[in-house]
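The structure appears right after this line, and notes come after that.
Number of protein chains: 2
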Amino acid sequence: MKQKIIDPWGSGLLEDYKKIVKDFGLELFDPKLLPNPNRIMRRGVVFAGRDLKVIADAIKSKKKYYVLSGIMPSSEKIHFGTKMVVENIRYFQEHGAETYILVADLEAASTRGVTLEESRGRALDFHIPAYVALGLDAKKTTFYFQSENKEVMNNAYEFAKKITLNEFEAIYGNADPGKIMAAMTQVADILYPQFKERMPGIIPVGIDQDPHIRLTRDIIRRFKDRKYFLPSALYNKYTPSLDGDIKMSKSKPESCIELPEDIKFVKRKIKNALSGGRDTLEEHRKLGAIVERDMVFELMKQHLVEDDKELNKIYNEYKSGKITSGELKEIACNKMEDFMDNFVKGIEQARKHISKLNFVKFK
Amino acid sequence: MKQKIIDPWGSGLLEDYKKIVKDFGLELFDPKLLPNPNRIMRRGVVFAGRDLKVIADAIKSKKKYYVLSGIMPSSEKIHFGTKMVVENIRYFQEHGAETYILVADLEAASTRGVTLEESRGRALDFHIPAYVALGLDAKKTTFYFQSENKEVMNNAYEFAKKITLNEFEAIYGNADPGKIMAAMTQVADILYPQFKERMPGIIPVGIDQDPHIRLTRDIIRRFKDRKYFLPSALYNKYTPSLDGDIKMSKSKPESCIELPEDIKFVKRKIKNALSGGRDTLEEHRKLGAIVERDMVFELMKQHLVEDDKELNKIYNEYKSGKITSGELKEIACNKMEDFMDNFVKGIEQARKHISKLNFVKFK
């Protein structure tokens, strides 16, 4: 029972993504629904959604819609889950969506005790540049800080009236004052682009963030007269831990790669990762790798190999035993080094242009 | 056990004020502590406090301190409890306190579903003029709307991190998202005058508002490095229901007088009020009234007779049976009519000057 409840602040284990889809009433994601699906959409990493047809229609008919996401500035690192969210934001931005990125400084204060000043510093110095380095077009993006957005805060209070503690606990598994205030504010954030003009919106998230989406949809249904569009959502799977657990987590640093991280350490971690290779070379050549259990291949599939043909080739050669697990790790290390180099350079580049961001000016 | 928990949004019965003082660790109020105590201070209606000596010292040594209270704009009426709070605000304002009045529009939204626009309209049109009619010096008062005060809202989020749901429920008896958001905002309101400069402050409240005071003091103790003064508080008893219940409540309209209310109805209610008169005139003359159970005398003591000598005379004549319960009610009706006339005229007068209020300008 406990496992059914996804806590966006914790890191509960998800044994079976299909079960999640069923339990939470999600739609399975079909990459044919969207034009030119991106890498993670094509490869089943994006695996589910809510009301995706509304967004597909908006793209097709060039109607107004928005994509929105938040930055949680609790440290000067991101993880692969965030990278995937940014890639999906980028996808919708390139397909006509008005793009909103908020800095969740109030959430950081109320759930992690981070001061607003710390949040602001980290967002400007690291997170926004990192998003730009991952392909966000900052010129076409509207940014805001929760703490400056009175409209969001004021609406959060109105929304709070529409939900009971029991309902909150049913969605989140538990509740405390900080989480409640953070969640109500997220609801208002998710709807913010609709305050001026009602339109469909898509929120790309990790599956652990689904409670916010459900809460928002539940609350909107209780404000029928306000005629908000129910937000659509797009879910990606976790990047698995290098030891094979379903989700990479800082609690196991040797199995977790942070972005950015010193490539020396990253290479060591990759070399120690759970492999699909056989016990002996002879056996490996004969039987081929068990690709499904290989965390390095998974990392390449999710993050390091853009081209499908190239990925297929690696898959086939590894599956057939033509390349060894050591060789696969070598390829991954080289690709990771390129990625990390470009990422760090991209951040430095983006930092130089930070003053030109479109922050919402509040009265 | 349930009775021990005072719910500021409900109307729990308080069987015994002395028990409250003991259970919540309050100080009994001694009118000799403060210079020139006002009517309700002199008469035991103000019955308890927290850290009152700090305030008495500030008055005595003319040090900076503040008095703060909030307007809950849920309707265009106030009740006698609010009148007493305003009288206490006025007392401290006249004794050197910086005076802050906030409009609790976010609380009204999150606990009662009142829109911010409705709150604003009612506060400007009715509540602030009513406070002025009851003696508040608006020129010397700083006003603000919660929904405009980002500093208050942002601090509310930081404070939320310092309290668990269990602690919240222990203080309030229950919790829901709206109440939690409202309470955290109240904590930030109570401290707002200290954001720029730390100083003692006094919050005059009805005893049912004590949970907010306790929550604030608990949270401040967890932010020791911020060096806030613990807020002092002053508590008044309820104005009893005309049928003898401990608190006047709109749920029994025939025993409740609202401010303002058509004097026709008010007189009828007074005439039907629980009396301390005896069953027959003969018995009354012989035994005198049971003044302690007379709700009309209580009303005169709390609200209608300013002069102690006059009140004493009425008390003695009623106690001795010289005046009847009908005559007492007649006196009360006349005094109530004067009060209500002056109150309504005072509101009209104050409305004309509403544009000159000192509202905090927020960037």
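Heads up: the sequence lines are chains A and B, in that order.
Under the numbering used here, the letters of the first sequence match residues -18 to 344, in that order.
Under the numbering used here, the letters of the second sequence match residues -18 to 344, in that order.
Yeah, the Cβ is synthetic: ideal placement off N, Cα and C, and Gly gets one too.
Residues that residue i contacts on chain B, provided the C-beta gap is smaller than 8 Å
{"i": "A:K131", "result": "S128, E129, K131, M134"}
{"i": "A:Y125", "result": "Per Cβ cutoff of 8 Å: no residues; A:Y125 is ~13 Å from chain B at best."}
Interface residues of chain B facing residue i [CB-CB closer than 7 Å]
{"i": "A:Y173", "result": "Ordered by position in chain B, no residue passes the 7 Å Cβ test against A:Y173, which lies about 16 Å from the chain."}
{"i": "A:A141", "result": "S91, P158, G159, M162"}
{"i": "A:Y138", "result": "L87, A90, S91, M162"}
Collapsed DSSP secondary structure at residue i in the structure displayed
{"i": "A:E329", "result": "helix"}
{"i": "B:G(-7)", "result": "Interpretation of B:G(-7) is limited by its pLDDT of 36, a score under 50 that renders its predicted location unreliable; the figure taken from the coordinates is listed afterwards. Residue state, collapsed to three classes: coil."}
{"i": "A:S301", "result": "coil"}
{"i": "A:R249", "result": "helix"}
{"i": "B:N217", "result": "strand"}
{"i": "A:F61", "result": "helix"}
{"i": "B:N339", "result": "strand"}
{"i": "A:E8", "result": "strand"}
{"i": "A:I183", "result": "strand"}
{"i": "B:L285", "result": "helix"}
{"i": "A:G30", "result": "strand"}
{"i": "A:Y296", "result": "helix"}
{"i": "B:Y46", "result": "coil"}
{"i": "A:G102", "result": "helix"}
{"i": "B:D(-12)", "result": "Model confidence at B:D(-12) stands at a pLDDT of 43, short of 50, so the residue's coordinates are unreliable; what they give is reported in the following sentence. Correct three-state label for B:D(-12): coil."}
{"i": "B:T354", "result": "Nothing about residue 354 of chain B can be reported from this structure: the residues present for chain B run from -18 to 344 only."}
{"i": "B:I52", "result": "strand"}
{"i": "B:L97", "result": "helix"}
{"i": "B:I271", "result": "coil"}
{"i": "A:L14", "result": "helix"}
{"i": "A:E79", "result": "strand"}
Residue i versus the options, residue with shortest Cα-Cα distance
{"i": "B:P174", "options": "B:T122, B:H265, B:V277", "result": "B:T122"}
{"i": "B:Q127", "options": "A:Y112, A:N136, A:F124", "result": "A:N136"}
{"i": "A:R20", "options": "A:H265, A:T92, A:Q283", "result": "A:Q283"}
{"i": "A:Y216", "options": "A:V341, A:E68, A:I82", "result": "A:E68"}
{"i": "B:S346", "options": "B:G182, B:V247, B:F28, B:A104", "result": "Residue coverage of chain B in this structure runs from -18 to 344, which leaves residue 346 of chain B outside it and unanswerable."}
{"i": "B:S222", "options": "B:P192, B:T197, B:A254, B:D206", "result": "B:A254"}
{"i": "B:F124", "options": "B:G94, B:I1, B:T80", "result": "B:T80"}
{"i": "A:R249", "options": "A:E75, A:V277, A:D260", "result": "A:V277"}
{"i": "A:D206", "options": "A:M281, A:V48, A:K290, A:R179", "result": "A:R179"}
{"i": "A:V48", "options": "A:P212, A:E329, A:I335", "result": "A:P212"}
{"i": "B:K3", "options": "B:G116, B:F28, B:M22", "result": "B:F28"}
{"i": "B:L9", "options": "B:M321, B:K0, B:K303", "result": "B:K0"}
{"i": "B:K231", "options": "B:V35, B:S42, B:P185, B:F61", "result": "B:F61"}
{"i": "A:E298", "options": "A:G258, A:H334, A:E329", "result": "A:G258"}
{"i": "B:M321", "options": "B:L285, B:I183, B:L309, B:P16", "result": "B:L285"}
{"i": "A:R266", "options": "A:I238, A:G307, A:K245", "result": "A:G307"}
{"i": "B:E311", "options": "B:I328, B:E75, B:R332, B:M281", "result": "B:M281"}
{"i": "B:T305", "options": "B:N315, B:E263, B:A85, B:Y138", "result": "B:E263"}
Contact list for residue i against chain A, beta-carbon separation under 9 Å
{"i": "B:F354", "result": "Nothing can be reported for residue 354 of chain B: it is not among the residues displayed for chain B, which extend from -18 to 344."}
{"i": "B:M53", "result": "In chain order: nothing, as chain A lies at least about 14 Å away."}
{"i": "B:L83", "result": "What B:L83 touches in chain A: nothing, since even the nearest Cβ is about 14 Å away."}
{"i": "B:I144", "result": "D157, P158, G159"}
Contacts of residue i in chain A (Cβ-Cβ under 7 Å)
{"i": "B:M165", "result": "P158, M162"}
Checklist entry - Residues in the stretch 91 to 116 of chain A with C-beta within 8 Å of chain B's C-beta atoms, listed in sequence order? => result S91, T92, R93, G94, T96, L97
Item to check | beta strand (DSSP E) runs contained entirely in the stretch 109 to 173 of chain B, provided each spans 3 or more residues | outcome: 122 to 126
Checklist entry - Listed in chain order, which residues of the stretch 194 to 216 of chain B have Cβ atoms closer than 9 Å to some Cβ of chain A? => result none
Next on the checklist: Output needed in chain order: residues of the stretch 58 to 70 of chain A with a Cβ under 9 Å from some Cβ in chain B.
Outcome noted: none
Item to check | Whole runs of the alpha helix (DSSP H) within the stretch 188 to 246 of chain B, excluding any shorter than 4 residues | outcome: 191 to 202
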